[in-house]
Each structure stands twice: as structure tokens, then as C-alpha cells.
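Comments concern the structure below.
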Amino acid sequence: MGNVPDVINSGFQLAGGFFVLNHCRALYEHKSVKGFSILSVLFFFTLAVWNVYYFNMLTQMFSFYCTMLSVLANLLYLVMVFYY
Numbered sequence: 005m006g007n008v009p010d011v012i013n014s015g016f017q018l019a020g021g022f023f024v025l026n027h028c029r030a031l032y033e034h035k036s037v038k039g040f041s042i043l044s045v046l047f048f049f050t051l052a053v054w055n056v057y058y059f060n061m062l063t064q065m066f067s068f069y070c071t072m073l074s075v076l077a078n079l080l081y082l083v084m085v086f087y088y
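Heads up: the sequence shown runs through residues 5 to 88, numbered per the numbering used here.
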């Protein structure tokens, strides 16, 4: 098993990805974007992309793979925001 900080961090990354997917679900149901700042989503998308690179460089592979969910979920959310 990987080192403990990597496992703990990967749990946060995984949970964050699922929270963003919950935003996607809500946006899909409402099909409307109101009271929304695109800057926050762009920031967290950029952070997730950076973390994929960073965790790979640190060889924290659990965090690396879990962060992929955050990248894909944030990308889906951005696409949905521009679509709706």
C-alpha cells in the first residue's frame, strides 16, 4: 500500500471529483446557469490539471489517478456550463 499521505490525499481528490459530478447532475436537471462564477470552476479545473502533473512527479500514484476524476468532472462541468 502506498504511503499514508498519498492515500489520504487521494481520498480528498476522489471526494472532490464526486462533488463536482454532483454539480453536473444538478446542472443537468435544472438546465440553467444562474448566479454562477466561471472563474471558480476554471480555477479548480486548472488546479486539478496541475495536480495530475505534480502528483506524477512526486510518484504519488493514488493521488494521480484519483485526480483524473477531478479533471474529467471539472471538464464535463465546464462543457455543460457553456452548453446551458
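Each residue gets a CB set at the ideal place from its N, CA and C atoms; glycine is no exception.
Checklist entry - Can we say the stretch 36–44 touches the stretch 15–23, given the rule of at least three CB pairs closer than 8 Å? => result no
- Output the distance between the C-alpha atoms of Glu33 and Tyr69, rounded to the nearest integer angstrom. 28 Å
> Do Cys28 and Leu76 come within 8 Å of each other at the CB atom, strictly closer than that value?
Replying inline: no
task = Take the Cβ of Leu52 as the centre, count every other Cβ of all protein chains shown within 10 Å, and call the residue buried at 16 or more, exposed below.
result = It is Ala, not Leu, that sits at residue 52 in the sequence shown. Burial call: buried.
query = Looking only at C-alpha atoms, which of Asn7, Phe86, Asn78, Val85 sits nearest to Gly20?
reply = Gly20 has its Cα closest to that of Asn78, out of Asn7, Phe86, Asn78, Val85.
Original post:
Grouping DSSP H, G and I as helix and E and B as strand, with all else coil, what is Phe40?
Top reply: coil
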